[in-house]
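First up is the structure itself, then whatever we jot down about it.
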Amino acid sequence: MSDLRLFNIKNGSIEPKQTADKPALKALVSKNAGALLGLTVIGWDLPLGGSDSEVVETLAYDENFQLTVVEYRMGKFNGTINKGLVYLDFIKNNYGKIRSFLSEKLGAELTKQIRLNPRLIVVGDDFNRYDEYAIKQMPYVIDLVKCQPYGKNFLLLEKNYQSKKVVVDEEYAFPSTIENVDLRKMIGEYILSLGDEICETITKSFIYYRKIKTFAYLLYEDGFVINLLSGGKFKAVKIRSVKDLVKNESLIEKSYDEN
-10 MSDLRLFNIK
0 NGSIEPKQTA
10 DKPALKALVS
20 KNAGALLGLT
30 VIGWDLPLGG
40 SDSEVVETLA
50 YDENFQLTVV
60 EYRMGKFNGT
70 INKGLVYLDF
80 IKNNYGKIRS
90 FLSEKLGAEL
100 TKQIRLNPRL
110 IVVGDDFNRY
120 DEYAIKQMPY
130 VIDLVKCQPY
140 GKNFLLLEKN
150 YQSKKVVVDE
160 EYAFPSTIEN
170 VDLRKMIGEY
180 ILSLGDEICE
190 TITKSFIYYR
200 KIKTFAYLLY
210 EDGFVINLLS
220 GGKFKAVKIR
230 SVKDLVKNES
240 LIEKSYDEN
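Residue numbering for the sequence shown follows the working numbering, beginning at -10 and increasing consecutively.
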């Protein structure tokens, strides 16, 4: 992996890396799950599989209401990814039990919005090329996110690998009858070209683009509209032609860079 360093311009020095044990890393990320990962936490250390000895370290849902399992690991070599896959399989094979469980935690109305096609985020201090190869063979959406404390006040967060570049939700599909399919393709290709860490997810009503968190939504409302996150708020931009796309490329790049 890349050897990143954090330079303090004010002090003129390199910020030292801090060693965080797994409980400390878990507590830090869980406390700040919204700001760091775009997640709303449902609970911690949950025995979803019915075994008290095997628990989901963090269960949450993301900005798009997709159920998300978060696991934590320290070191380059251990079975955390495989452990997370066990929970994804359990969720996929036990939708009824999971919905009942979520209803108890969240209430019936919110549970109806949760998408039970789960994704996995593994947060750790480092990953390797074997991890990258392994997750690309798997059918799930998996993100490997490096988390490294620096000094007392800084935390480096970096998506190292992702299993998929483009995801089509199993339950939904963006309308195939829309006009100007070529323009939609151009918009998607342009956004994906901004970085290898971007993932495109196609749903029934919209397409969204995220790095660690979602920064853009593409909708079709009598033509294409892109909602771009900038300054903490989403701004709608109409894209009716290739000319409109070129005109607004700087706004799309700004949203990508900020988030």
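All C-beta atoms in this analysis are idealised placements derived from N, C-alpha and C, irrespective of residue type, glycine included.
Separation of residue j from residue i, as counted between CA atoms
i       : j       : result
Asn169  : Thr69   : 44 Å
Tyr129  : Leu74   : 8 Å
Ile(-2) : Lys94   : 46 Å
Met175  : Gly140  : 43 Å
Gly64   : Ala49   : 24 Å
Asn142  : Ser219  : 24 Å
Leu208  : Val214  : 5 Å
Tyr197  : Asn0    : 40 Å
Lys202  : Met127  : 21 Å
Ile80   : Asp233  : 42 Å
Glu247  : Asn83   : 38 Å
Ser19   : Tyr245  : 24 Å
Tyr76   : Ser239  : 40 Å
Leu172  : Phe(-4) : 42 Å
Phe223  : Glu52   : 13 Å
Reduced DSSP category for residue i - H, G, I as helix; E, B as strand; rest coil
i      : result
Val111 : strand
Asn71  : helix
Glu178 : helix
Glu60  : strand
Val18  : helix
Asp10  : coil
Leu35  : strand
Lys148 : strand
Phe79  : helix
Asp51  : strand
Val156 : strand
Residue range of the alpha helix (DSSP H) that includes residue i
i      : result
Glu121 : 118 to 125
Leu26  : 22 to 26
Boundaries of the beta strand (DSSP E) in which residue i is found, first to last residue
i       : result
Tyr197  : 195 to 199
Ile87   : Looking at the DSSP string, Ile87 is not in any beta strand (DSSP E); the run it does join, the alpha helix (DSSP H), is 84 to 95.
Pro138  : 130 to 139
Leu207  : 203 to 209
Phe(-4) : -5 to -3
Glu189  : 188 to 191
Glu4    : 2 to 4
- prompt: Taking the runs of the beta strand (DSSP E) that are 3 residues or longer, which of them lie wholly in the region 219 to 245?
  reply: 222 to 228
Any 3 or more C-beta pairs closer than 8 Å across the region 27 to 36 and the region -9 to 7: no
- prompt: Would you say the region 114 to 124 touches the region 142 to 151, given that touching needs at least three Cβ pairs under 8 Å?
  reply: yes
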